[in-house]
Each structure stands twice: as structure tokens, then as C-alpha cells.
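Q: Numbering-wise (the working numbering), the sequence shown opens with residue 7 and increments by one.
The structure under discussion is supplied below as C-alpha cells; questions concerning it will follow.
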Amino acid sequence: MRVVEAFREAYGAEPRTVWHAPGRVNLIGEHTDYNDGFVLPFAVPWGVTVALSPREDTTIRLLSLQAGGAPITLATPEAAEGWARYAAGVPAVLGARVRGADLAVDGDVPQGAGLSSSAALEVAVARALDEVYGLGQTPMEIALLAQRAENEFVGMPCGIMDQAAATLSRAGHALFLDCRSLGFRNVPLDLAAHGLRLLIIDTRVHHELADGQYAKRRADCESAAGKLGVAALRDVVDLPAALSVLQGDERKRVQHVVTENHRVEAVIGLLRAGAVAEIGGLLNASHLSLRDQYEVSVPELDVAVEAAIRGGARGARMTGGGFGGSAIALVAEERVQRVQDAVSAAYAERGWREPRYLPAVPADGARKLA
Ligand code: GLA
7 MRVVEAFREA YGAEPRTVWH APGRVNLIGE HTDYNDGFVL PFAVPWGVTV ALSPREDTTI
67 RLLSLQAGGA PITLATPEAA EGWARYAAGV PAVLGARVRG ADLAVDGDVP QGAGLSSSAA
127 LEVAVARALD EVYGLGQTPM EIALLAQRAE NEFVGMPCGI MDQAAATLSR AGHALFLDCR
187 SLGFRNVPLD LAAHGLRLLI IDTRVHHELA DGQYAKRRAD CESAAGKLGV AALRDVVDLP
247 AALSVLQGDE RKRVQHVVTE NHRVEAVIGL LRAGAVAEIG GLLNASHLSL RDQYEVSVPE
307 LDVAVEAAIR GGARGARMTG GGFGGSAIAL VAEERVQRVQ DAVSAAYAER GWREPRYLPA
367 VPADGARKLA
């Protein structure tokens, strides 16, 4: 394994353990996780691999095969910058429960595609530290720990979806997660058996406003929940009544979150009935709601979604936080080429860079490789 060789070369010893954690796409349930709602992501076949050994002192040494160069030496996690903060955040939130570590990191999640390489890195580090320091955490506790690292150390107020997907996913399944109770179920998702593919369309754009807008959406939801007298938007049962007391942005955000939760449940019902192809309309509705009510889409995502549908996709939507990244399209196998051609043509017409197409096959969550 490449990461083990790099570890050996940098630190002159064998790593104590090697863990892999995957990136994710979200089938449906967008911007619902921090509203105590439902999500339905699955792990992708690309991820982050971490080789790690514990240390006697509290120093952290980090090496990334993608960043290159010599290992970074950190006297404390707080000294970390850039990508290293996602790795250092985990020992930072574990505090006195761990000492230092030597790490080598390798990854193949397409960068900037919005497929959660950061959650993959956090989860792989959390799993490896848990093992070598004998912390005995459950998979869900690992996901929560990784989320805390991102919230408290990196400063991104994300929900639990990405870290849960990286930890709890199973090959051939989507992960149905109730973000309030943290109850979850691995729901079979065998697209090939239905002659279908889920195509990831990586727009290759990332708008810089993403982080600030994410925090703003979250604040809108919390303030709307306060006005409605509920703990979270998950608790809104009478949508028209709720909308009648809200205005402007808050009104639109609530409309999205409440209907999106229902769409997740509807998709689960269809998957359970074996009617996979029928979820397409719900994917389309999710996209329109994210575009018009939640206002987190961008022209590159809208054009990808519209062209995919025109090209014959059963349904399509943006996936992840928005403001760039990827869209997904549910496509009959024989139409994949036609859909890709339609999207590429729509991009070329606008003088945009060709998007990247990746087939999304549900993969396993974090696992020990050595
Ligand atoms: C990002 C966050 C997740 C989730 C999605 C939107 O990926 O990390 O927690 O909120 O956006 O669904």
C-alpha cells in the first residue's frame, strides 16, 4: 500500500494501523440534518486512507501524499493549518484521552466535487486513534466525534450527515438516518438490478461564498424554529400554518426543509416497494426546492440538472451543501451516454469547462485495511 510505504519512509517504522473512510453523495435529504430531519446518503468508492502510530509524547506529525513535501510537525493540534486542521481536529477534541501520533494520509476523493473528503479524513483519523488508544467508541460515537472536530476545531457548523455516511454506510445500500434520534438503517439500493445508474456530474466549480451562506441558512432555520415555538424544523407538522406566520427568507427555508423531509420518507417508501426508477420525480422536486426556496444552487448546477433531464435522466438534483460541487442524475443504463452528451453540450454552449462524470456505486463505510 502506497500510504504504508510513505509512512515507513517518513518515520522509519511500520504504522500500527491503517484505516480507510469514504466520501459520500446524498441521494436526497439536503439541508435537513441540522434541522433534526432525515437524510439518505451513501458512501462512494473513493476515500481517504490513514496510516497511524501512537506516540509517547503529545506531538503530531502529519504527511499527505497529495500535499507532498516533508511531514508537518505540530507541537499541539492548534498549530495546524489548511487541510491538516481536519486531521488535527480529532485529537484536539479528544484532548487528554489521547497522546500524540504519526500519520500518513492518502486520498482519491475528486477534489472540490463536494463529495466530503474532509469528513472522510476526520473519520479515518478518529477510527485509527480510537483503535490505538483503546477508546472503544461505537461507530455513531466516531461520527459524532468527527463532526465535533469540524464544528469546534475547523469552525464549519455542519450537521452529522457526511461523518455518519463515512462511518455507517454499507456497500449496495443507502444510509437512512434520523438526525434527531440518530437511529439509522442501511436500505438496499441495487441500481444495476433495475438497469439504472446514478451519475455524479462534477461541475468543477466552487463558489467561495459557500461557507458563509451555509452558516446563514442554518441561522435562518434556527430563528424560524424559534418563532414557530418548536425545537427544530423537523417538528413542523402544519406547513400552511407555519408559513402563514413567517416572511421572506425564513418562510422559504421552512418550505424547503419541511417538504424535503417528506420527500426523503417518500423515497424510502418507493425503495422499500422496489420502485427505484420512480424516485426520479422526487429528485427533481428536491432540486427545484433547493434552487428556489433554499437558494443554494448556482447556474452550473441548474444547467447540469436541466440538461440531464432533457437528455433522458429519470431525475436529477444538486447534492451536498450547494454553491458548486456535484449534481446527481438517475439514468437508465442505455441512456448514460446521451445524458452526458446533453450536459457537455449545454456546458460547451455557455463556454464553461467540461464537467466530470463519475459513476456512483454505494460503497462500504470506514474499515480497517491493516
Ligand atoms: C454539507 C454539510 C452536511 C449537510 C449538507 C447539506 O455537506 O456538511 O452536514 O448539511 O451540506 O445537506
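For glycine and all other residues, C-beta sits at the position ideal for the given N, C-alpha and C.
Being a predicted model, the structure only gives us computed values, none of them experimental.
Looking at C-beta atoms only, is the number of pairs between the segment 202-220 and the segment 332-348 that lie closer than 8 angstroms three or more?
A: With a cut-off of 8 angstroms, the segment 332-348 and the segment 202-220 count as touching, because enough Cβ pairs lie within range.
Q: Please output, in chain order, the residues near the ligand GLA using a CB cut-off of less than 5 angstroms to any non-hydrogen atom of the ligand.
A: Per the Cβ criterion, the list is E36, H37, D39, C164, G165, M167, D168, G326, G327.
Q: Go ahead and pull the three-state DSSP assignment for Y363.
A: Taking the sequence shown and counting its residues from 1, the one referred to as residue 363 is at position 357. Strand.
Q: Output needed for G120: all residues of its chain with C-beta closer than 6 angstroms, excluding positions within five of it in sequence on either side, in chain order.
A: Reading the sequence shown from its first residue, position 114 is the one you call residue 120. Closer than 6 angstroms at Cβ, skipping near neighbours: G326, G331, S332.
Q: Is the beta carbon of A376 less than 7 angstroms from the beta carbon of V24?
A: Reading the sequence shown from its first residue, position 370 is the one you call residue 376. Reading the sequence shown from its first residue, position 18 is the one you call residue 24. Yes; because the gap between Cβ atoms is below 7 angstroms, this pair is in contact.
Q: Using the three-state DSSP reduction, which class does V349 fall into: helix, strand or coil?
A: As a working mapping, residue 349 is identified with position 343 in the sequence shown. V349 falls in the helix class under three-state DSSP.
Q: Given that a residue counts as buried once 16 or more other Cβ atoms are within 10 Å of its Cβ, and exposed if not, what is V273?
A: In the sequence shown, the residue the question calls residue 273 occupies position 267. Buried, by the Cβ-count rule.
Q: Unbroken beta strand (DSSP E) runs of length 3 or more, entirely within the segment 229-253: which are they?
A: Counting only runs of 3 or more, we get nothing.
Q: Relative to the ligand ADP, is the shortest distance from any of its heavy atoms to the C-beta of V45 smaller than 6 angstroms?
A: As presented, the structure is devoid of the ligand ADP, carrying the ligand GLA as its sole ligands.
Q: Which residues bound the beta strand (DSSP E) around T23?
A: In the sequence shown, the residue the question calls residue 23 occupies position 17. From DSSP, the beta strand (DSSP E) with T23 extends over 23-32.
Q: Run through DSSP, which three-state label would A132 get?
A: Translated into the one-based positions of the sequence shown, residue 132 becomes position 126. If DSSP states are grouped into helix, strand and coil, A132 belongs with the helices.
Q: Given that a residue counts as buried once 16 or more other Cβ atoms are within 10 Å of its Cβ, and exposed if not, what is V251?
A: Taking the first residue of the sequence shown as position 1, residue 251 is located at position 245. V251 is exposed by the Cβ-count criterion.
Q: Rounded to whole angstroms, what is the Cα-Cα separation between G178 and P47?
A: On the sequence shown, position 172 is the one that residue 178 refers to. On the sequence shown, position 41 is the one that residue 47 refers to. Roughly 12 angstroms between the two C-alpha positions.
Q: From the DSSP output, which residues share a beta bridge with E60?
A: As a working mapping, residue 60 is identified with position 54 in the sequence shown. Rather than Glu, the amino acid found at residue 60 in this sequence is Pro. P60 pairs with A107.
Q: Would you mind reading off the limits of the beta strand (DSSP E) that contains D1?
A: Within the shown structure, residues of the chain are numbered from 7 to 376, placing residue 1 beyond reach of any answer.
Q: Are the beta-carbon atoms belonging to V345 and A366 less than 7 angstroms from one another?
A: Counted from its first residue, the sequence shown places residue 345 at position 339. Counted from its first residue, the sequence shown places residue 366 at position 360. Contact: no.
Q: So, does the segment 169-178 touch the segment 38-55, judging by three or more C-beta pairs under 8 angstroms?
A: As far as the Cβ criterion goes, the segment 169-178 touches the segment 38-55, which means the pair count is three or higher.
Q: Taking the beta carbon of S187 as the centre, do at least 16 other beta carbons fall within 10 Å, making it buried, or is it exposed?
A: Walking along the sequence shown from the start, residue 187 turns up at place 181. The residue is exposed, with fewer than 16 neighbouring Cβ atoms inside 10 Å.
Q: With distances taken between CB atoms, is the gap from L69 to A110 smaller than 7 angstroms?
A: As a working note, residue 69 is residue 63 in the sequence shown. As a working note, residue 110 is residue 104 in the sequence shown. Yes, Cβ-Cβ distance for L69 and A110 is below 7 angstroms.
Q: Is DSSP giving G218 helix, strand or coil here?
A: Here residue 218 is taken as the residue at index 212 of the sequence shown, counted from 1. In this structure, G218 counts as helix in the three-state DSSP scheme.
Q: Could you check the C-alpha separation between L364 and M162 for me, to the nearest Å?
A: Position 358 of the sequence shown, counted from the start, is the residue given in the question as residue 364. Position 156 of the sequence shown, counted from the start, is the residue given in the question as residue 162. About 27 angstroms.
Q: Measuring straight from C-alpha to C-alpha, what distance separates A369 and L174?
A: In the sequence shown, counting from the first residue as 1, residue 369 sits at position 363. In the sequence shown, counting from the first residue as 1, residue 174 sits at position 168. So the two alpha carbons sit approximately 10 angstroms from each other.
Q: Below 8 angstroms on the Cβ atoms is my contact criterion, and I expect G35 with V270 to pass it. Report the Cβ-Cβ distance as a whole number of Å.
A: On the sequence shown, position 29 is the one that residue 35 refers to. On the sequence shown, position 264 is the one that residue 270 refers to. About 4 angstroms separates the two Cβ atoms, so the contact holds.
Q: By alpha-carbon positions, which one of L249, R223, L58 ends up nearest to D136?
A: Residue numbering aside, residue 136 sits at position 130 when the sequence shown is read from its first letter. That would be L58, whose Cα lies nearest to the Cα of D136.
Q: Enumerate, from N- to C-terminal direction, the unbroken beta strand (DSSP E) stretches of 3 or more residues contained entirely within the segment 300-359.
A: The qualifying runs are 321-324, 330-338.
Q: So for S295, helix, strand or coil by DSSP?
A: Here residue 295 is taken as the residue at index 289 of the sequence shown, counted from 1. It is helical.
Q: Do the segment 73-81 and the segment 290-308 touch if we need at least three Cβ pairs shorter than 8 angstroms?
A: At 8 angstroms Cβ cutoff, the stretches do not touch.
Q: Taking just the CA atoms, how far does A221 sit from V54?
A: Mapped onto the sequence shown, residue 54 falls at position 48. Mapped onto the sequence shown, residue 221 falls at position 215. C-alpha separation (whole angstroms): 26 angstroms.
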